[in-house]
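Trainee: In the order they appear, the protein sequences are chains B and W.
Residues are numbered in the numbering used here as their position in the first sequence, beginning at 1, plus a constant of 839.
Residues are numbered in the numbering used here as their position in the second sequence, beginning at 1, plus a constant of 12.
Where a beta carbon is used, it is the ideal one built from N, C-alpha and C, also for glycine.
In this text the structure is predicted, and so the values were computed from the model without any measurement.
Attaching a single structure in C-alpha cells format; questions to follow.
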Amino acid sequence: MLSMAAATLNMFQGDGSRPAQHDGLAELSDLLTRAANRDSRAWERLVHLYARRVYAAARSRLGSPEAAEEITQSVMTTVFEQITGGRYRDDGRFESWLFRIAMNRVRDAARARSRNARLAEDSRHTHGLRLADDPAPDPEKAGERSALRHALVNLPEADQEVLSLRHHAELSFQTIASLLDAPLGTVLARHHRALAKLRAQLTEHAGDSP
Amino acid sequence: MTDHQDSRQTEPDGPTQAGDERMLEELQRLAATDRAEPDLGFERRIAGASAAGGGRTVSHGSGRIPRLPRRIGYAALAAAALGLAALPVLLSGPSPESQPVLASDEALLLASFDLLDETLDLDAPEINSFESLTWNDEWDEQWDDARGSDAHGGADRTDSASPAGENEA
Chain B
840 MLSMAAATLN
850 MFQGDGSRPA
860 QHDGLAELSD
870 LLTRAANRDS
880 RAWERLVHLY
890 ARRVYAAARS
900 RLGSPEAAEE
910 ITQSVMTTVF
920 EQITGGRYRD
930 DGRFESWLFR
940 IAMNRVRDAA
950 RARSRNARLA
960 EDSRHTHGLR
970 LADDPAPDPE
980 KAGERSALRH
990 ALVNLPEADQ
1000 EVLSLRHHAE
1010 LSFQTIASLL
1020 DAPLGTVLAR
1030 HHRALAKLRA
1040 QLTEHAGDSP
Chain W
13 MTDHQDSRQT
23 EPDGPTQAGD
33 ERMLEELQRL
43 AATDRAEPDL
53 GFERRIAGAS
63 AAGGGRTVSH
73 GSGRIPRLPR
83 RIGYAALAAA
93 ALGLAALPVL
103 LSGPSPESQP
113 VLASDEALLL
123 ASFDLLDETL
133 DLDAPEINSF
143 ESLTWNDEWD
153 EQWDDARGSD
163 AHGGADRTDS
173 ASPAGENEA
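Structure below.
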C-alpha cells in the first residue's frame, strides 16, 4: 500500500487546471520569483492556482462561505507579504508552507467559533431558549451531500484536517505529511481511519432515518 | 493514477468496497462543489486585496466590495463627527452670547499692541534684546489705563495696524 502510494505521491491530479509535476514545479518556481519582484500577473496566477483550494479546505472545516473567503484572503495576504518582503525562501515546499498557514488560520477560526458556540449554548440553557435562527441540524432534509458535510464536521479535528487537505485542497499525501510534520505512514493511516469514521457516521445516520 | 486512487485500491474487497467508493466519489464531488462555490470574480478580488495589504471583503448581495481597514473607518467617523459638530458654527458664526466675550478679548489684545506701540521704539537696535521686553511698573500702569479705557469704548480700534505687522515690515 505504502509503496504504491509513494510512487504517486507528488503527482498533480489530472483535473486539467494544473500542469504535470515537472512542468508544474518549474512554473511554480518561476511564478514565485516573479511574484517576489511584484509581477502582478505572476501573483494573479498564484492566486488562481491556490485560492479556491484554500477556500474549499476552509469551507469544509468552517461551513461558512464568508469565513472561508476571509481565511483565503488572510492567507494570500500573508503569502504575498512574505514573498515580496523576501522572507520566503523557495525550497520546493511552497504548497506545504501555504497550506500550513491556511490550516493554522482555520484552526484559530474553528476554535473561536467553538468558544462562541459554547457561550451561546450556555446562554440558551441559562435562559431556556432556542434561537429562532438556529435550527436543529437536519441532514435528511438537505440531502445526501449535506449529510456528508454534517458527518465531516462531526469528525475529530485531526480527521477533518487530513480529509480536507487531501480532497478539498487536493494535496498529495507527501505534501500533507510535510505540512503536518508527520511521517507519511501516519498520514496515510489517519486518512484511512478518517474515511472509516466517516463511513460509520453515514451508516449510522442512514440507520436512524425512517 | 493518483495516490487517492491508489488508496482506494488498498481497501479490502467485499460489500464495503462499493460503499467506500461511493462515499469517496461523493466526498470528491462535495470538494469540487466547494472549490466551485466562489463567484467568477473571486480570484481577482483575492489577488487585488492581498496585494493591497489585506483590506477585508464582505458580501453585499451578489457582489462583494472591499471593506476599509478598521482604523481608517474609525478616523473617518471621528472626522465626520467633528465636521458635524463644527457645522452650525461655520454656518451661523459665533452665537450672540459669545460675541461680547470675543469682542472684549479682542479689545484687550489690541490695547496691548497699542501699549507696545506707544512704549517701544520698534526701530531701536535693542528691541530684539530680551531685557528691552521685560515687563516693568510703567507698563503695568499703562496696561491698567488701557483696560480702563477699553471698558469705555477704547477697544474700538479695529483699523489700527498691528505692531506685529510693523515688526515684519
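#1: Within its chain, find whatever has a CB closer than 8 angstroms to the CB of B/H887; leave out the 5 residues flanking it on each side and keep chain order.
#2: Mind listing the chain B neighbours of W/D32? Cutoff is C-beta to C-beta under 8 angstroms, in chain order.
#3: Would a check of beta-carbon distances place B/R988 closer than 8 angstroms to chain W?
#4: Grouping DSSP H, G and I as helix and E and B as strand, with all else coil, what is B/S953?
#5: Helix, strand or coil, according to DSSP, for B/N943 in the structure here?
#6: Within the same chain, show all residues whose beta-carbon is closer than 7 angstroms to that of B/R939, passing over the 5 residues directly before and after it, in chain order.
#7: Report the rounded CA-to-CA distance for B/E908 versus B/E1043, giving the unit in angstroms.
#8: Given that a residue counts as buried once 16 or more other Cβ atoms are within 10 Å of its Cβ, and exposed if not, what is B/E1009?
#9: Quick check for students: name the residue ranges of the alpha helix (DSSP H) that lie wholly in the segment 850-914 of chain B, counting only runs of 4 or more.
#10: Closer than 7 angstroms, Cβ to any Cβ of chain W: which residues of the segment 927-955 of chain B, in chain order?
#11: Within its chain, find whatever has a CB closer than 7 angstroms to the CB of B/L885; leave out the 5 residues flanking it on each side and keep chain order.
#12: Here's the rule I'm using: 16 or more other beta-carbon atoms within 10 Å means buried, otherwise exposed. How should B/T1014 be labelled?
#13: Please classify B/S1003 as buried or exposed, where buried requires at least 16 other C-beta atoms within 10 Å of its C-beta.
#14: Output yes if chain B places a C-beta closer than 8 angstroms to the C-beta of W/E37; else output no.
#15: At 7 angstroms on the CB atoms, spell out the chain W contacts of B/P904, in chain order.
#16: Quick check: the Cα distance between B/D1020 and B/H1006, rounded to an integer number of angstroms?
#17: Hey, would you say W/R5 sits closer than 8 angstroms to B/A895, going by beta carbons?
#18: Considering only residues of the same chain and omitting the five flanking positions on each side of B/Q921, which have a CB-CB separation below 6 angstroms?
#19: Confirm, please, whether the CB-CB distance from B/L994 to W/E38 is below 8 angstroms.
#20: With C-beta atoms as the reference, is B/S879 less than 8 angstroms away from B/L991?
#21: Less than 8 angstroms between the C-beta atoms of W/P50 and B/R891, yes or no?
#22: So which residues on chain W does B/V992 lean against when the C-beta distance must stay under 9 angstroms?
#23: Quick check on B/E883: buried or exposed, where buried means 16 or more other Cβ atoms within 10 Å of its Cβ?
#24: Cβ of B/V914 within 8 angstroms of Cβ of B/R944?
#25: Quick one: Cα of B/W936 to Cα of B/Q912, how far?
#26: Quick check on DSSP: helix, strand or coil for W/A48?
#27: Just checking my contact of B/R1038 with B/A997 at CB under 8 angstroms: how many whole Å lie between their CB atoms?
#28: How about B/A948 and B/I910: do their beta carbons lie closer than 8 angstroms?
#29: To the nearest angstrom, how far is it from the Cα of B/L901 to the Cα of W/L42?
Mentor: Considering the structure as presented:
#1: By one-based count along the first sequence, residue 887 of chain B stands at place 48. Nothing listed; no residue qualifies.
#2: On the second sequence, position 20 is the one that residue 32 of chain W refers to. Within 8 angstroms Cβ-Cβ: L1034 and R1038.
#3: Taking the first residue of the first sequence as position 1, residue 988 of chain B is located at position 149. Output row for B/R988: interface = yes.
#4: Position 114 of the first sequence, counted from the start, is the residue given in the question as residue 953 of chain B. Helix.
#5: For this step, residue 943 of chain B is matched to residue 104 along the first sequence. The answer is helix: DSSP assigns B/N943 an H, G or I state.
#6: The residue given as residue 939 of chain B occupies position 100 in the first sequence. Counting only Cβ-Cβ distances below 7 angstroms, and skipping sequence neighbours, we find L1018.
#7: Looking up residue 908 of chain B in the first sequence gives position 69. Looking up residue 1043 of chain B in the first sequence gives position 204. Going from the Cα of B/E908 to the Cα of B/E1043 covers about 32 angstroms.
#8: Position 170 of the first sequence, counted from the first residue, corresponds to residue 1009 of chain B. Buried.
#9: 860-875 and 879-901
#10: none
#11: What you label residue 885 of chain B is simply residue 46 of the first sequence in a count that begins at 1. Closer than 7 angstroms at Cβ, skipping near neighbours: L870 and A874.
#12: Position 175 of the first sequence, counted from the start, is the residue given in the question as residue 1014 of chain B. Buried.
#13: Translated into the one-based positions of the first sequence, residue 1003 of chain B becomes position 164. Label assigned to B/S1003: buried.
#14: For the purposes of this step, residue 37 of chain W is taken as the residue at position 25 of the second sequence. No, its Cβ sits nowhere closer than 8 angstroms to a Cβ of chain B.
#15: What you label residue 904 of chain B is simply residue 65 of the first sequence in a count that begins at 1. Per Cβ cutoff of 7 angstroms: E49.
#16: To locate residue 1020 of chain B, count along the first sequence from 1; it is residue 181. To locate residue 1006 of chain B, count along the first sequence from 1; it is residue 167. Distance between the alpha carbons of B/D1020 and B/H1006: 19 angstroms.
#17: The first residue shown for chain W is 13 and the last is 181, placing residue 5 of chain W beyond what the model contains.
#18: Looking up residue 921 of chain B in the first sequence gives position 82. Only Y927 meet the Cβ criterion.
#19: Position 26 of the second sequence, counted from the first residue, corresponds to residue 38 of chain W. Position 155 of the first sequence, counted from the first residue, corresponds to residue 994 of chain B. No; because the gap between Cβ atoms is not below 8 angstroms, this pair is not in contact.
#20: Against the first sequence, residue 879 of chain B aligns to sequence position 40. Against the first sequence, residue 991 of chain B aligns to sequence position 152. Not closer than 8 angstroms, so no.
#21: The count along the second sequence starts at 1 and reaches residue 50 of chain W at position 38. The count along the first sequence starts at 1 and reaches residue 891 of chain B at position 52. For W/P50 and B/R891, yes; Cβs fall inside 8 angstroms.
#22: Here residue 992 of chain B refers to the residue found at position 153 of the first sequence. Here the premise fails: no neighbours, minimum Cβ distance about 12 angstroms.
#23: To locate residue 883 of chain B, count along the first sequence from 1; it is residue 44. So B/E883 counts as buried.
#24: Here the question's residue 914 of chain B lines up with position 75 in the first sequence. Here the question's residue 944 of chain B lines up with position 105 in the first sequence. Their beta carbons are under 8 angstroms apart, which means B/V914 touches B/R944 by this criterion.
#25: Counting from 1 along the first sequence, the entry for residue 936 of chain B is found at position 97. Counting from 1 along the first sequence, the entry for residue 912 of chain B is found at position 73. Taking the straight line from one Cα to the other gives about 16 angstroms.
#26: Here residue 48 of chain W refers to the residue found at position 36 of the second sequence. Helix, per DSSP.
#27: Numbered from 1 along the first sequence, position 199 holds the residue referred to as residue 1038 of chain B. Numbered from 1 along the first sequence, position 158 holds the residue referred to as residue 997 of chain B. Contact flag wrong, Cβ pair sits at about 17 angstroms.
#28: In the first sequence, residue 948 of chain B corresponds to position 109, counting from 1. In the first sequence, residue 910 of chain B corresponds to position 71, counting from 1. A contact, by the Cβ cut-off of 8 angstroms.
#29: Indexing the first sequence from 1 puts residue 901 of chain B at position 62. Indexing the second sequence from 1 puts residue 42 of chain W at position 30. If you take the alpha carbons of B/L901 and W/L42, they lie about 14 angstroms apart.
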